[in-house]
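Working notes for the structure below.
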Amino acid sequence: LSERQIPAVMARLLARTCCFKALSQAPRCPSGLVAARPWSHGPLTAYMPEAVAFPRPKDHQDLYKVSVEQSDIFWGALGRSRLTWITPFHSVQDCDLCQGRISWFLGGQLNVTVNCLDRHVHVAPDKVALIWEKDEPGQEVRVTYSPWLSCELSCAQCDG
């Protein structure tokens, strides 16, 4: 699993967690669960250190099972450890697909730029921040955090 794939995997797990919860609570909901694929890419803690806190996450299937069966514990641990909160959340989720209600991290407030940009720009300015996939296959542009750092500094000077 590459660093580029982790956000997509997390998004799929979030969607499955909410969908599973809604389906198990209201059987008349349409089914849409996708079976978890087998995992064979090494220890989970290599890409998700928080996994040591979860019960028995030895492989992808165990991690998937924890994310569905103990979703509040799973996503709460990830939300607390991987995001910087202005106001901490009081509830992890409130999802009911039958009613069209999907809410995550209730009561929490965060700043997207702090979590997506500020926390990385000073620590690893030469790390790739954005991969722009152009319309032509195989054409991509990799942008590091450095341009945002120089923009941040020039904007701060304008305000001062």
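Read the sequence shown against the UniProt record's numbering and you will find it ends at 160, with the numbers running on by one and no gaps.
Beta carbons: idealized from backbone N, C-alpha and C, even for Gly.
Shown here, Cys116 sits in a helix according to DSSP, grouped into three states. Here Glu133 has Gln139 and Glu140 as same chain residues with Cβ atoms under 8 Å from its own Cβ, once five neighbours each way along the sequence are excluded. The three-state reading of DSSP puts Ala77 in helix, counting H, G and I together. Under the three-state reduction of DSSP, Glu69 is assigned to helix. By the Cβ test, the segment 122-132 is not in contact with the segment 91-104, since fewer than three Cβ pairs between them sit closer than 8 Å. Counting the other CB atoms within 10 Å of its CB gives Ser71 a total of 16 or more, which places it among the buried residues.
In the DSSP assignment, Ile131 is bridged to Arg142.
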